[in-house]
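Residue numbers (UniProt numbering): 1 to 244.
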């Protein structure tokens, strides 16, 4: 239980800081982000554990020392800055400077880029959720009535991609003035998801063909996989808030 003390203290401190900074609205947003991150991290922990048990102890330690900081601070801190910069058409350093020292102007840029960010994050997160629900190899169902029925459709090739593209087209039809932005940003989210899934599966196949002593290959695979899972949380968070 001792290992839970530090993360608990950090979580409570973050909630207090959010409340002081933005009141109940900020605290509610932090709570939603915590639930989202926890939900997306469950499958990450299970997959990581399966790979870690095949690695030598020294490489397990190296992953904890180097891999986790890359996923936590690299993907979760650096990537949001680049996402906002791309959506707003600004440089990354400019975005970071505005977010820290000029939140009002930063808010104006975010408002102008809100549709692009929401479409990008929404498409990516929708694919993550649909991939889970349409997984026909899944035997554990949390919401039995829904998941057991939807998993039957998992045999249809790329059904989650087809549904996501259909929803993007519907949104573009409903908001014609922003149709181009919705389609382009949403397609970028879809392409990013497909690319990450393909890379992760390729490394998984290669890692499965090597013996357990080939910890370097497993280490590389695990870092890419962990970064991919972390990206789920980052992009999903933009569907809730664009505040860095």
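Here a beta-carbon is modelled for each residue, glycine too, at the ideal position from N, C-alpha and C. Computed from a predicted model, the values in this text were never measured in an experiment.
The straight-line gap separating the alpha-carbon atoms of residue 185 and residue 160 is approximately 17 Å. Contact annotation: residue 154 and residue 136 have beta-carbon atoms nearer than 7 Å.
For residue 57, the uninterrupted alpha helix (DSSP H) segment begins and ends at 57–62. Pairing residue 115 with residue 178 gives a Cβ-Cβ distance under 7 Å. The beta carbon of residue 181 sits closer than 6 Å to those of 115 and 116, all from its chain and outside the five residues before and after it, given in chain order. Around the beta carbon of residue 89, fewer than 16 other beta carbons sit within 10 angstroms, so the residue counts as exposed. Cβ-Cβ distances below 8 Å link residue 189 to 119, 120, 121, 122, 123, 124, 127 and 235 in the same chain, with the five nearest sequence neighbours on each side left out; the list follows chain order. Rounded to the nearest whole angstrom, the CA to CA distance from residue 84 to residue 99 is 10 Å.
Burial is judged here by how many other beta carbons sit within 10 angstroms of a residue's own beta carbon; residue 65 has fewer than 16 and is exposed.
DSSP, read as helix, strand or coil, puts residue 95 in helix.
Residue 63 and residue 73 have their C-alpha atoms spaced approximately 14 Å apart. Taking the Cα of residue 162 as reference, the smallest distance to any Cα among 152, 187, 145 and 147 is reached at 187.
Straight across, the Cα-Cα distance linking residue 111 with residue 105 is about 10 Å.
For residue 158, the closest of 9, 41, 191 and 61 by C-alpha to C-alpha distance is 191.
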